[in-house]
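Enquirer: First, the structure itself, so that you have it in front of you.
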Ligand code: BES
Ligand code: MN
Ligand code: ZN
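Numbering (the numbering used here), first residue to last: 1203 to 1699.
The structure is reproduced here in structure tokens:
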């Protein structure tokens, strides 16, 4: 897809298709009003006759609008003006793209003043529009014999007011493209089935990514992990024939030798639960249990594309959780890399076992900040549904910054407490700690478990169990929280919009 920005008035635009919004009931946006005026109230007539009332999600193509030089005008229903916020803005862009694809048009121009969002700048609108256009165009059909034809749509432009600072808008466009690349990368890794996306596949993808962007990449094998003492991670892998991988990538856009931000992503390429086997229904969705890994790799891709001036290290502990003959049993005790012993009371609480060793390993980078991303607990879905990612942190400033990045990128998080009171539940009669804390506050006790391995640095944990993928007819990876993490890093590099 080719994107561009034009600083022209929408009513002066030529070309195959111009896109503007209409509010409910029958209330033209600024851009629509300008075109209406030009056309001698032709649009008002259309609205008055009831062909389009602005209902959210509705669309209408008009041809031969009097005095209008573009071939077609696409009206997009925005719903009621008072209800029109960021979410509606982004969804209306996707709705428009779907209508344009269905029409077979090759090119379209979105009038920004046709999608009025008072609280947001033109730059923000452009960045988010690019991400949502790319989202609507995303396909995952590599396993279908007869994939649908690729859409004819090849060029999209955004029409901005001539008073806008065009450098800012160009930056926003580039950011949108880079974020969309990261999201698409994460979505595809997430959507791949467990028999294709194995720990070995994750390692190969990481090596390819590193090669394409001139990054350093190292993959530790089972023997390396044994020598180091990553027994918690290894205990998860031992029930599967797929060998575990421990992947480390480094992007150095900042000061040479400067402290990096470290992102750690849970890379369970399939989670059957192990001996504590999960119920069969919906178990296929546990191929998405490497979404944390996919999102940190996607974020790295975005950051490398934007050449941000910061140092970023990405760590992906990768394994498959299966109930083979070598699998750990409930009651087994392992010694983690940190030296703390863990009683594995439930083999389905495997995410924290691979993460704890990765979090200890992160110490060696003398990190400025460590953020782990994981589809960690079903309890997080119960608490926050599919809207917000769960946020936990041992540092209030970091939590605030992530919450703010979430609002700006509209990839939102909600903080949950990490008080000492929750530590009680992880007590074991036989080891330093147990890997589960019982049913109450399941996502908090999971985070609390991780906090026992992150005492040496500023740390945040993102539980993406509810946000990394969608179920049902729209089943598929979302690419979250790539937009959140990328925005957070843009801020750190002084490049946020
Ligand atoms: N990957 C799952 C968490 C999960 C479950 C994410 C459902 C999204 C949807 C994780 O490994 C897991 O199984 N967690 C257990 C923890 C429990 C055994 C303490 C869970 O949430 O049930
Ligand atoms: Mn599990
Ligand atoms: Zn899991």
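Just so it is clear, CB atoms sit at the ideal spot from N, CA and C, and this is done for glycine as well. Keep in mind the model is a prediction, meaning the values are calculated, not measured.
(1) Please work out which residues of its chain come closer than 6 Å, Cβ to Cβ, to residue 1331, disregarding the five sequence neighbours upstream and downstream, and give them in chain order.
(2) May I have the straight-line CA-CA distance separating residue 1538 from residue 1688, to the nearest angstrom?
(3) List the DSSP bridge partners of residue 1387.
(4) Is it buried or exposed for residue 1586, if we count other Cβ within 10 angstroms and need 16 for buried?
(5) In this structure, how does DSSP classify residue 1193 when only helix, strand and coil are distinguished?
(6) On the CB-based measure, 16 or more other CB atoms within 10 Å of its CB, does residue 1393 come out buried or exposed?
(7) Can you find the residues in the same chain that come closer than 6 Å, C-beta to C-beta, to residue 1315, ignoring five residues on each side of it along the sequence?
(8) Taking 8 Å as the cut-off, decide whether the C-beta atoms of residue 1445 and residue 1420 are in contact.
(9) Have a look at residue 1583 and residue 1490 and give me their C-alpha separation to the nearest angstrom.
(10) Over what stretch of residues does the beta strand (DSSP E) that includes residue 1204 continue unbroken?
(11) Answer with buried or exposed for residue 1668, where buried requires no fewer than 16 other C-beta atoms within 10 angstroms of its C-beta.
(12) Which residues share a DSSP beta bridge with residue 1617?
(13) In the DSSP output, which residue or residues are listed as bridge partners for residue 1672?
(14) What does the shell around the ligand ZN hold, if a residue joins when its beta-carbon is under 5 Å from any heavy atom?
(15) Quick one: measure Cβ to Cβ for residue 1616 and residue 1592, integer angstroms, because I've assumed they're closer than 8 Å.
(16) Decide if the segment 1624-1637 is in contact with the segment 1600-1607; the criterion is three or more beta carbon pairs, one per stretch, under 8 Å apart.
(17) What do you reckon, is the C-beta of residue 1297 under 7 Å from a heavy atom of the ligand MN?
(18) Jot down the residue ranges of each uninterrupted alpha helix (DSSP H) in the segment 1415-1496, minimum 4 residues, whole runs only, in chain order.
(19) Would you say the beta carbon of residue 1551 comes nearer than 7 Å to a heavy atom of the ligand BES?
(20) Within 10 angstroms of its Cβ, does residue 1623 collect 16 or more other Cβ (buried), or is it exposed?
(21) By alpha-carbon positions, which one of 1351, 1559, 1356 ends up nearest to residue 1656?
(22) Start and end of the alpha helix (DSSP H) containing residue 1214?
(23) Check the C-beta distance from residue 1691 over to residue 1411 and give it rounded, since I have them as a contact under 8 Å.
(24) Less than 7 Å separating the Cβ of residue 1636 from some heavy atom of the ligand BES?
Expert: So, from the listed chains and residues:
(1) 1295
(2) 31 Å
(3) DSSP, once it has assigned bridges, lists no residue as partnering residue 1387.
(4) buried
(5) As displayed, the chain neither begins before 1203 nor continues past 1699, which places residue 1193 out of reach and without an answer.
(6) buried
(7) 1232, 1233
(8) no
(9) 14 Å
(10) 1204-1208
(11) buried
(12) 1593
(13) 1678
(14) 1470, 1473, 1491, 1553
(15) 7 Å
(16) no
(17) no
(18) 1424-1430, 1433-1439
(19) yes
(20) exposed
(21) 1559
(22) First-last for residue 1214: undefined, no H or E at that position.
(23) Not a contact, Cβ separation roughly 16 Å.
(24) no
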